[in-house]
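*Asks:*
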Amino acid sequence: MSLLSIQNLSLAIHGTSILKDVSLDIAPGEVFGIIGESGSGKSMTAFSVMSLAPTGSEATGKITLNGDDLLAKSEAAMCAVRGADIGMVFQEPMTALNPVQTIGDQVAETGIIHGLPKAEARAKAREALNRVGLPEDRFRMDRYPHELSGGQRQRVVIAMAIALRPKLLIADEPTTALDVTTQAEVIDLLKGLVDEFGMGLMLITHDLALVSGVADHIAIMRHGEIVETGETKAVFAEMKHPYTRALFAASSHEPERKGDVIEDTPVLEVQNLTRDYTLPRAALLAKPGHHRAVDGVSLTIRKGENLGLVGESGCGKSTLTRAILGLEPAQGGSIKVMGETVTADLSLATRRRMQVVFQDPYGSFNPRWRVDRLITEPFQLLDSPPTGAARDQAVAEALTNVGLGQDDAEKYIHEFSGGQRQRIAIARALIIKPDLIILDEAVSALDVSIRAQILDLLAELSDKLALSYLFISHDLSVVRAVTDRVLVMQAGKIVEEGETEAVFQNPQHPYTRQLIAAAPVLESA
Amino acid sequence: MIKALLTNWSVRIGGLLSLIFVAGALISFVWTPFDVETLTIKEKLQTPNLTYWFGTDHFGRDIFSMVMVGARTSIAVAIVAVGIGILLGVPLGLAAAARRGGLLDELIMRTNDLIFAFPSLVIAILITAVFGPGAVNAIIAIGIFNVPVFARLSRGAALSLWARDFVMAAQVAGKSAARISAEHILPNILNLLIVQGTIQFSLGILAEAGLSYVGLGAQPPIPSWGRMLAESQTMISFAPHIAIFPGMAIVLTVLGLNLMGDGLRDVFDPRLRRAR
C-alpha cells in the first residue's frame, strides 16, 4: 500500500502545459528522489501535491495520500493536511524563516495552527528541535534565525516540517544552498528521520550524485514528464532513456584538455596577502574591530595553467577575488599580474591583463544594454579601442568563440537562457584577450548539461588561447575535472596545495579530507 | 510596459486628472474666458452660471479663468522645485553611493539629515520672509527640501546596484565610478526617480498653495490657488464657491498625481506587479 500515489497528473497554468501524465508512488519509510534540470516540473509536482500550485493552474489526474484524494479537497480541507500530514522543506534556509520570530515560535506555529494548545505545541516544537540536532542547552527556543548558521537554519526548517510527524515529507532542493559538509549532515538527518518515523520522503534535487546515495526509488523528469523511473540501482544500471544517459554523462563530465601548454612564466603571483574588514563599532567611541578575511595567502598561476581554489562559504574566496582584481585594497602582501603590481588604483595597462566571470548569469549584465555593448565594455581598457567595422568584427569573433551567433549582438540580455548568458559573460571576458580569467563559481548556477558545455568551452579556449584560469568553486567534482593544481582554503588561509589529482587521491590536511568525504559521489554503474 | 501603463487604473485616472490641469495651464497662456487682471466690480460675487462657470470673486474676476492661470503658477513652481531636487539630489546621492562608507558619503548624507531635521514649510516661510515673498523664492524654498529626498532615494537604490555583478564587471573593465554611475546606475534607478518625482510634484503643489495661502508665494495680481483660498476665507459663509473651486483644484491635482505615482510604482516594480 503506497503512502502517496500520483496518477496521470497533468497541470496547466493559464493554458500552458507544465506537467504531463506524471505518475509515481511513494511507500512509507521510502526515499523517493525526483531529479531534473530547471524547468523540468519537479517543483511543480511537489506544489501540486500540496495544492500550492500558482493561481490559474488546472490539475487533472489523481493524487491520493493514504487513499484520500487530495485534488478533490477544498482549500480549507487542504490547510488541515498541510503541516499535519505533509511537511515541506524548502531550498533557501535564509528566506524560509521569519527573521523577527524566535525559532521556538516558528516551530510551534505548525502545532498551534492545527489546534494544539500552546504548551503542547511548544513541547512538540522542543522535541522536534532536539530531534534535528539542535539540543536545548545550546539552542533555546527564544533564539532568532540570524543567530544560526545556514545548516542550523535548515535544521529549524526541517523541525517545522516534522513537528507534527507528517506521513509525507517533501524536500525541495533542501541542500542546494548549503556547503558540502553541511549538506552531508542534513541528508543524514533526513535519512534518519525517514527510518525513525516511517515517513515517506520526496527528495527533489538536480544533483544525481546526491540522490544516488540516499534514494530507494528515483524518477527522472524532463519538460514536465517522467522519462524514467524505478529502483535507484536499477535505473542507474540500465539507463534506458537517452536523457538519463545524457544527464549521467553530463554530471560526471570531464572536459578534454591537452594541458601541454603550461609555460613557466607566472601570470599571477600573490605573496602573503592579507585583507581585513573593519567591523562596526561596538560602542559609540570604541575602536572598531577587524575581521581578517584573507590571511597570508600566497599563490602562483603560470601561463596556460588552470588553478582551482576550493572552500566553503565564508572562507574568503570572494574577498581574495576582489583583491586580485584590484577592486579593494589589501592590508598586507603583494599581488603581481604579469610582473606588475596590483593596487586599488591600478593602471589600465595592468587591468587589461585580467577579466572575471561571475556566478549568477542573471545579475552579471546591465539589463538595459544590448549584447554588443555589454561585451565591448572592457574595450574601455584599451589605448585605442577598435571602432566601426573593426569593433563589429571583434564582437562577431568573441561571440563565435563562445558558440553564439553574430546576430545575437543586437539582442538584449533577457532574451538568453542562463547557459547562453554565461557564454556572453565569457565573451565579455575574452574580448580584450586577457592573460588571466577569474572564474568565480562560474558554473555553479547552471544545470548539469549546460555546465558540461560551458566546461568544454572553457577547456577549449584555454588550450586555444593559452589562457590561465583561477577557478573558484565549492564544487569539488568540477574543480577536479578542470584544474591542473588546486588550493584548499579554510577561514582565510590556504591549508593545502598541490597537483589536483594528488590532492584528491591523497589529501593531507584533515579539512581537505573532510571536504572530499562529504562530497556526494556518483558511483559509475 | 506601455500597455501595462495604459491598463493600470491608477495611472489612467491619475493621468487624466493631471492632464486636465496641465491642459488648463497650457491653454491659459493663449486663452482664458475672461482676463484675470481686469476687475469688474459690478459683476462681483456671482454664483456659478453660464457666463461665469465657476462664478466670480469679490472683485468680479472670473474664478474659472483664475483657476486656469493658477494651475500655471502651481505647476511652474512645482516643476522647477522638483527639478532642483533631481538635478542636485540625484548626483549627490550617486556620489555618496560611489564613495560609500567614505568621508564624502558621510558629509552628503549628514547634511541631508540636517536639512531633513527642519520642518520644511517653516523653513520655506523663513526663506521667503528673509528674501521677500514671491514665486522665485518659493521655488527655491520648496526645491531645497526636495534635494535630500532624491539624494537618499538614489543613494539607497544605487547602493544595492553597486553590489551587483554587472557593476563589478564594469569596474574590472576599468570604468571610473562617475562613469559607472552615469552608464549603469542611473538608468537602472530611473523608474524609482520617476515615481518619486510624481509624488514630490504633488507635494510641491501643496507646498506652493500653503506658501501662497500665508502670502509668501506668488504675489498679486498673479493668481494662485493658495491665495485664492486665503482671500475667500472671510466670505466663505455667503460665497462658498470662491473657496470651493480653487480648493477642489488643489485636491484633484494632488490626488491625480498621487494616484499616478502609485500606479507608476505598481507598473515599474515587478514585485508589486506579481502580487496582484
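Heads up: the sequence lines are chains Y and R, in that order. Here this note's numbering is used: position 60 in the first sequence is 60, and no number is missing along the way. Here this note's numbering is used: position 45 in the second sequence is 45, and no number is missing along the way. No residue lacks a Cβ here, since even glycine has one placed at the ideal position from N, Cα and C.
Just to make sure I have the definition right: I need the residues of chain R whose C-beta is within less than 8 angstroms of the C-beta of R368/Y. Which are they?
*Replies:* Within the first sequence, numbered from 1, the residue matching residue 368/Y stands at position 368. In chain order: P187, N188.
*Asks:* I'd like to check one pair, L457/Y with R513/Y: are the Cβ atoms closer than 8 angstroms?
*Replies:* On the first sequence, position 513 is the one that residue 513/Y refers to. On the first sequence, position 457 is the one that residue 457/Y refers to. Going by C-beta atoms, R513/Y is not nearer than 8 angstroms to L457/Y.
*Asks:* Kindly list, in the order they appear in chain Y, the residues whose Cβ is closer than 7 angstroms to that of D165/R.
*Replies:* For this step, residue 165/R is matched to residue 165 along the second sequence. Going along chain Y in sequence order, the residues near D165/R (Cβ under 7 angstroms) are F358, D360, G363, S364.
*Asks:* So, does the CB of R428/Y fall closer than 8 angstroms to a CB anywhere in chain R?
*Replies:* Your numbering for residue 428/Y matches position 428 in the first sequence. True, the Cβ-Cβ gap to chain R drops below 8 angstroms.
*Asks:* Going by DSSP, which residues form a beta bridge with F471/Y?
*Replies:* Indexing the first sequence from 1 puts residue 471/Y at position 471. Answer by DSSP bridge pairing, in chain order: G308/Y, L439/Y.
*Asks:* Comparing C-alpha positions only, which one of V77/R, L257/R, P91/R, H184/R sits nearest to N137/R?
*Replies:* Working through the second sequence from its first residue, we reach residue 137/R at position 137. For N137/R, the nearest C-alpha among the options comes from V77/R.
*Asks:* In this structure, does DSSP put L161/R in helix, strand or coil?
*Replies:* For this step, residue 161/R is matched to residue 161 along the second sequence. L161/R falls in the helix class under three-state DSSP.
*Asks:* If you compare alpha carbons, which of L19/Y, D207/Y, P434/Y, E37/Y is closest to L522/Y?
*Replies:* Here the question's residue 522/Y lines up with position 522 in the first sequence. Residue D207/Y is the option with its Cα nearest to L522/Y.
*Asks:* Within 8 angstroms, do at least three Cβ pairs link the stretch 430-441 of chain Y to the stretch 356-373 of chain Y?
*Replies:* Touching, yes, given that three or more Cβ pairs across the two stretches are closer than 8 angstroms.
*Asks:* Go ahead and pull the three-state DSSP assignment for K191/Y.
*Replies:* Counting from 1 along the first sequence, the entry for residue 191/Y is found at position 191. Three-state DSSP puts K191/Y in a helix.
*Asks:* Does chain R have any CB closer than 8 angstroms to the CB of P385/Y?
*Replies:* The count along the first sequence starts at 1 and reaches residue 385/Y at position 385. False, the Cβ-Cβ gap to chain R never drops below 8 angstroms.
*Asks:* For the stretch 179-196 of chain Y against the stretch 3-21 of chain Y, do three or more pairs of beta-carbon atoms, one drawn from each stretch, fall closer than 8 angstroms, so that the two count as touching?
*Replies:* Contact fails: fewer than three Cβ-Cβ distances are below 8 angstroms.
*Asks:* Relative to chain R, which residues along the stretch 461-476 of chain Y have a C-beta separation below 7 angstroms, given in chain order?
*Replies:* Result list empty, no residue passes.
*Asks:* Taking the alpha-carbon positions, what's the H29/Y to I112/Y distance?
*Replies:* Taking the first sequence and counting its residues from 1, one reaches residue 29/Y at position 29. Taking the first sequence and counting its residues from 1, one reaches residue 112/Y at position 112. The question names His, but residue 29/Y in the sequence shown is Gly. Distance between the alpha carbons of G29/Y and I112/Y is about 26 angstroms.
*Asks:* Can you confirm whether D378/Y, when its beta carbon is compared against all beta carbons of chain R, has any partner nearer than 8 angstroms?
*Replies:* Here residue 378/Y is taken as the residue at index 378 of the first sequence, counted from 1. For the sequence presented, residue 378/Y should be read as Pro rather than Asp. Chain R, which has a Cβ nearer than 8 angstroms to the Cβ of P378/Y, makes this yes.
*Asks:* Give the DSSP-derived three-state secondary structure of H184/R in the structure shown.
*Replies:* The residue labelled residue 184/R in the question sits at position 184 within the second sequence. The answer is helix: DSSP assigns H184/R an H, G or I state.
*Asks:* Measuring only between beta-carbons, confirm whether R351/Y sits less than 8 angstroms from chain R.
*Replies:* One-based indexing of the first sequence puts residue 351/Y at position 351. It does: the Cβ of R351/Y has a partner Cβ on chain R nearer than 8 angstroms.
*Asks:* Which runs of the beta strand (DSSP E) spanning at least 3 residues fall entirely within the stretch 274-320 of chain Y, listed in chain order?
*Replies:* List check, beta strand (DSSP E) in window: 290-302, 306-310.
*Asks:* With H, G and I counted as helix, E and B as strand and the rest as coil, what does DSSP make of E528/Y?
*Replies:* Past the boundaries of the shown model lies residue 528/Y; chain Y is included only from 1 to 525, so the question cannot be answered.
*Asks:* Put M564/Y into one of helix, strand or coil per three-state DSSP.
*Replies:* Because chain Y spans 1 through 525 in this model, residue 564/Y falls outside it and cannot be assessed.
*Asks:* Could you work out which residues of chain R lie near L381/Y, taking near to mean beta carbons separated by less than 8 angstroms?
*Replies:* By one-based count along the first sequence, residue 381/Y stands at place 381. Under the 8 angstroms cutoff, chain R gives A173, G174.
*Asks:* For L70/Y, collect the residues of the same chain with a Cβ closer than 6 angstroms to its Cβ; drop the 5 residues on either side in sequence, then sort them by chain order.
*Replies:* Here residue 70/Y corresponds to residue number 70 of the first sequence, with the count starting at 1. Around L70/Y: I63.
*Asks:* What are the residues of the stretch 295-329 of chain Y that lie near chain R, defined by any Cβ-Cβ distance shorter than 7 angstroms?
*Replies:* The stretch 295-329 of chain Y vs chain R, Cβ under 7 angstroms: L325, L327.
*Asks:* Can you say whether M94/Y is buried or exposed, counting buried as having 16 or more other CB atoms within 10 angstroms of its CB?
*Replies:* Translated into the one-based positions of the first sequence, residue 94/Y becomes position 94. Exposed, because fewer than 16 other Cβ atoms sit within 10 Å of the Cβ of M94/Y.
*Asks:* Whole angstroms is fine: what's the gap from A466/Y's alpha carbon to V482/Y's?
*Replies:* The residue you call residue 466/Y lines up with position 466 of the first sequence. The residue you call residue 482/Y lines up with position 482 of the first sequence. Taking the straight line from one Cα to the other gives about 15 angstroms.
*Asks:* When the cut-off is 8 angstroms and only beta carbons count, does T102/Y lie next to chain R?
*Replies:* In the first sequence, the residue the question calls residue 102/Y occupies position 102. It does not: the Cβ of T102/Y has no partner Cβ on chain R nearer than 8 angstroms.
*Asks:* Whole angstroms is fine: what's the gap from G101/R's alpha carbon to A151/R's?
*Replies:* What you label residue 101/R is simply residue 101 of the second sequence in a count that begins at 1. What you label residue 151/R is simply residue 151 of the second sequence in a count that begins at 1. Cα to Cα, G101/R sits roughly 15 angstroms from A151/R.
*Asks:* Name the residues in the stretch 100-124 of chain R whose C-beta lies less than 8 angstroms from a C-beta of chain Y; which are they?
*Replies:* Going along the stretch 100-124 of chain R in chain order, one finds no residue with a Cβ nearer than 8 angstroms to chain Y.
*Asks:* Does L446/Y come within less than 8 angstroms of chain R when only Cβ atoms are used?
*Replies:* In the first sequence, the residue the question calls residue 446/Y occupies position 446. For L446/Y, the answer is no, since every Cβ of chain R falls outside 8 angstroms of its Cβ.
*Asks:* Check each residue of the stretch 80-100 of chain R: if its Cβ is closer than 7 angstroms to any Cβ of chain Y, include it; give the result in chain order.
*Replies:* Per Cβ criterion, the list is empty.
*Asks:* In angstroms, rounded to a whole number, what distance separates the CA positions of R140/Y and G104/Y?
*Replies:* One-based indexing of the first sequence puts residue 140/Y at position 140. One-based indexing of the first sequence puts residue 104/Y at position 104. When rounded, the distance between both Cα atoms is 8 angstroms.
*Asks:* Does chain Y have any CB closer than 8 angstroms to the CB of A169/R?
*Replies:* By one-based count along the second sequence, residue 169/R stands at place 169. Yes - at least one Cβ of chain Y is within 8 angstroms of the one on A169/R.
*Asks:* Between the stretch 275-286 of chain Y and chain R, which residues of the former have a C-beta closer than 7 angstroms to a C-beta of the latter?
*Replies:* Taking 7 angstroms as the Cβ-Cβ cut-off against chain R, none of the residues of the stretch 275-286 of chain Y qualify.
*Asks:* Which one of V235/Y, L382/Y, R370/Y, T110/Y has the shortest CA to CA distance from F416/Y?
*Replies:* In the first sequence, residue 416/Y corresponds to position 416, counting from 1. Of V235/Y, L382/Y, R370/Y, T110/Y, the residue nearest in Cα terms is R370/Y.
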